[in-house]
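Written below as structure tokens is the structure these notes are about.
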Amino acid sequence: MTDSSFLSRRHLLRAGGAIGLALAAAPALAGPAQAADGAAPRTTVTDLGPGLVQFSLMSGVLVGDTVYIGSRNLNPARVVGFHLPTRTVVSHTELDAGPEPSIQALAADPTGRYLYIGVLLKADQGKPNLFRWDLTTPNEPAVDIGRTEDRDIRALAVAPDGTVYAVGGLPGKAPALWEYDPATGAVTNLGVPDPNATLARAVAATADTVFFGAGSILAGGGGASKASLYAYDRARRTFTSVVPKEMEQDPSLRDLAVIGDRLVVSTSGGVQPAKFAVLELADLSSYTLLSTQGTTVKSFTADADSIYFATDTGLQTYSKAARTISPVRFTGPDLGEIWGLDYTGGKLEVVSGYGFVAEIDLAAGTSVVTDLGTAGAQADAQAGMGIAAGDGYVYLGGNGAIARHRLRDRTVLNLRAPGEAKDAEVIHGRLFTGQYDAQGIWTYDPAAGGQPHQAAHFPSAQNRPLNTSWDRANGLLLVAVQSDTEGGGALWTYDPRTGRSASYLNPIDSVQLVRAVANRDGVAYLGGDNATGTGPRGTVVAVDPRTGRECWRLETRQREGVAALAVRDRHLYGLSRDGKAFVIDLRTRQLVHTADVSAVCTGFAAMVTNRGTVYGVSDTTLFRFHPQTFAVSTVVPAINGIWYSGPHVNAHDGKLYTLRAHNLVEVDDRPAH
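The sequence shown runs 1 to 673 under UniProt numbering.
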């Protein structure tokens with residue numbers, strides 16, 4: 001049975017809080033909070049219910065006749081067992097791991113008794129990140145068995161003797177190879193083979209060797225390493241570089257697997273196609289290497305004749321005899337981002353980031369799709385991504401999905417979109433998103449129905465859109481972009497009328513990414529940040545978005561990078577990531593105001609102009625700026641939106657839309673000024 005309920009079902013979500021709750025604004029942090037006649041601002045907050053509900057996932061592995069699937073962006077983190085013969089979820093465990101957890105790493109021991117689980121986090125609370133689930137007693141919860149000090153575990157491998165190896169990373173620190181010994185319970189740091197790597201996402205193990213793959217998929221550029229592959233001799237406890245020379249300039253080593261007497265290796269390609277290689281374990285210098293059509297290659301499985309793998313363009317197969325790559329042909333849906341791939345009994349079991357398992361019969365070329373929520377996996381509200389409002393709808397991005405809230409009747413429809421909608425705008429009734437990872441700009445027309453699709457593609461190294469802005473004067477969607485692998489960033493432009501797009505690389509400088517974008521009278525204003533610990537940050541640059549030509553620039557003298565920008569009349573408002581506000585007079589091109597607003601805003605933030613007032617939102621507070629004095633006052637205290645990569649706020653028909661905890665809220669604010 002093919003389950004298509006994810007595509008078509010509409011569900012009415014009950015409001016999670018009081019409807020029409022009136023909140024008085026808190027006193028201003030600086031400047032007057034009330035008008036001279038004593039009139040107080042009036043604020044109404046309406047709870048629209050959970051923002052995006054789905055069973056979101058990030059890993060899958062077959063053990064026996066059950067596929068175990070790890071959650072993504074759900075709290076608490078969980079693993080479910082999807083039983084292939086019955087196509088139902090038959091087991092479930094939850095992990096006490098920390099905030100915004102995801103499970104990217106799963107590996108079974110050789111006996112099939114234990115499933116090892118590694119967790120990655122947005123913030124470290126010092127909790128265990130390595131767990132073990134006894135599959136012989138699936139009703140008993142997984143137990144924590146240790147912690148790697150790299151915080152994030154992104155890949156696990158189990159050697160034939162049951163020893164577990166883990167890799168991952170921690171921002172600002174080179175990743176190590178970690179070992180867990182089941183006999184002693186000890187978690188040991190075996191060393192950092194590549195001190196210039198920023199992240200490790202691949203590990204594989206044999207009886208005598210552990211293979212460690214890393215690179216610069218995050219915080220790249222400068223002196224960061226490209227793809228690196230090391231062989232760790234378990235007896236001698238030494239590392240040796242064994243990366244194929246053709247892979248050395250790819251940004252990152254993406255995946256590894258030991259299949260029989262061979263080591264299968266892949267990269268993330270960045271500005272060039274990703275590569276796939278098969279190395280002889282007996283002689284690692286002997287290998288077959290091929291370029292693919294995708295930018296990412298991962299998730300290996302095999303039968304007697306072929307090795308199967310996933311790319312961002314779909315499933316591929318490598319013929320062991322012919323040493324060629326070809327697509328896997330089948331009838332079925334778009335598989336989106338593939339997080340698990342296994343072969344059993346002539347079929348491929350595919351775990352899709354869209355929240356389903358697809359079983360592909362290789363001989364018949366047919367498929368059966370089962371939605372995991374329908375099969376019994378518990379769906380919960382995700383942490384939110386970008387938000388957009390317009391034409392009677394509010395959209396909230398998440399992992400593999402965009403929730404469309406219809407304001408008229410409060411119905412919610414989950415749309416499929418690969419990766420993450422980091423920010424978005426509604427333009428002439430259509431939704432446009434900046435889509436991570438390296439997905440460019442996607443669009444959706446509610447009048448036409450169907451699903452979102454890609455509207456514009458950009459070089460894959462420009463992989464992380466961060467902020468969007470609609471330039472009415474030029475008729476252009478503006479997107480601020482970060483390059484994870486190369487450093488720096490870009491400004492994208494897209495004309496919804498003609499479909500033409502352009503990309504202007506490093507419009508600030510070669511190291512500053514473009515964190516924020518705003519516009520006025522046909523000029524785009526870009527706010528700089530820096531993903532590395534050193535170098536320039538906080539620069540504001542004015543650009544002609546039709547040509548990419550710089551008009552002027554200003555150093556804001558902020559110690560941290562720009563978090564957000566907004567324009568009101570002649571003033572450009574800015575927030576920095578260390579809780580500072582600044583205002584630039586666009587006529588004189590001078591800073592005219594700075595203030596400490598850390599009481600309501602630190603870290604990432606977003607701003608929007610609505611009803612002649614600039615509003616900001618942080619992880620804790622929705623606030624406004626007085627248009628004459630620039631004083632900040634609280635609109636909604638303790639809003640505490642649950643965001644995956646920084647808060648967002650958008651406006652539609654004079655109302656503001658953002659998250660309070662996991663719930664979408666509509667804020668009608670009428671300030672006294």
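Cβ atoms here follow ideal geometry from the backbone N, Cα and C, with glycine treated the same way.
Keep in mind that this is a model prediction, so the values were computed, not measured.
query, result
"Outcome for K347 when other beta-carbon atoms lying within 10 angstroms are tallied against a minimum of 16", "buried"
"Continuous beta strand (DSSP E) assignments of at least 3 residues falling wholly in the segment 175 to 217", "178 to 181, 186 to 189, 199 to 205 and 209 to 215"
"Proximity to R323 [Cα-Cα], best of S291, R660 and D250", "S291"
"Sequence-distant residues of its chain with Cβ nearer than 6 Å to L7 (five each side left out)", "In this prediction, L7 scores a pLDDT of 35, lower than 50, which makes its location untrustworthy; no coordinate-derived value is stated."
"When V79, T66, G49 and T43 are compared against M58, the one with the closest alpha-carbon", "V79"
"Candidates V350, L396 and R660, of which the one nearest L52 by Cα", "L396"
"When P193, Y354, L120 and A108 are compared against L135, the one with the closest alpha-carbon", "A108"
"The segment 470 to 478 in contact with the segment 410 to 417 per 3-pair CB rule at 8 Å", "no"
"Option in V614, E560 and V667 with minimal Cα separation from R570", "V614"
"Beta-carbon spacing of G386, H648 below 8 Å", "yes"
"Strand pairing of P50, partner residues [DSSP]", "N663"
"D669 burial status per 10 Å Cβ neighbour count (16 or more: buried)", "buried"
"Distance between P110 and N663 (C-alpha atoms, nearest Å)", "43 Å"
"Boundaries (first-last residue) of the alpha helix (DSSP H) holding A448", "That residue, A448, is in no alpha helix (DSSP H); it is neither H nor E in DSSP."
"CA-to-CA distance, L120 to C551, given in whole angstroms", "42 Å"
"Nearest neighbour of R589, chosen from G603, G616 and V541 [CA to CA]", "V541"
"6 Å CB neighbourhood of S286 in its chain, flanking five on each side removed", "E280"
"Inter-residue Cα distance where the pair is R42 and A672", "8 Å"
"Limits of the unbroken beta strand (DSSP E) element including residue 674", "Residue 674 falls outside the range modelled here, since the chain spans only 1 to 673, and no answer is possible."
"Neighbourhood of E560 by C-beta distance below 6 Å, restricted to the same chain and skipping five residues each side", "S576, R577 and D578"
"Rounded straight-line distance, which links the Cα of L554 to that of G392", "38 Å"
"Test item: CB-CB of P452 and D423 under 8 Å", "no"
"Closest by C-alpha distance to V523, when choosing among P536, V543 and L505", "V543"
"Straight-line gap, residue 724 to D124 (C-alpha atoms, nearest Å)", "The chain is shown only over 1 to 673; residue 724 falls outside these bounds and no answer can be derived."
"Inter-stretch contact (C-beta, 8 Å, three-pair minimum) for the segment 217 to 229 and the segment 242 to 251", "yes"
"Extent of the continuous beta strand (DSSP E) to which V592 belongs", "Q590 to D596"
"Three-state class that DSSP yields for E246 in the structure shown", "helix"
"A97 versus G112, R87, G488 and I117, residue with shortest Cα-Cα distance", "I117"
"Where E100 falls: helix, strand or coil (DSSP)", "coil"
"CB-CB length for I639 against T609, believed under 8 Å", "The Cβ separation is near 19 Å, so there is no contact."
"Backbone secondary structure at I642 - three-state DSSP", "coil"
"G373 beta carbon less than 8 Å from that of G355", "yes"
"Any C-beta of chain D under 8 Å from that of G270", "Among the chains in the structure shown there is no chain D, since it carries only a single protein chain."
"Whole-angstrom distance between V567 and D334, CA atom to CA atom", "40 Å"
"Buried versus exposed call for A304 [16 or more other C-beta atoms within 10 Å across all chains shown]", "exposed"
"Bridge partner(s) assigned by DSSP for V63", "T66"
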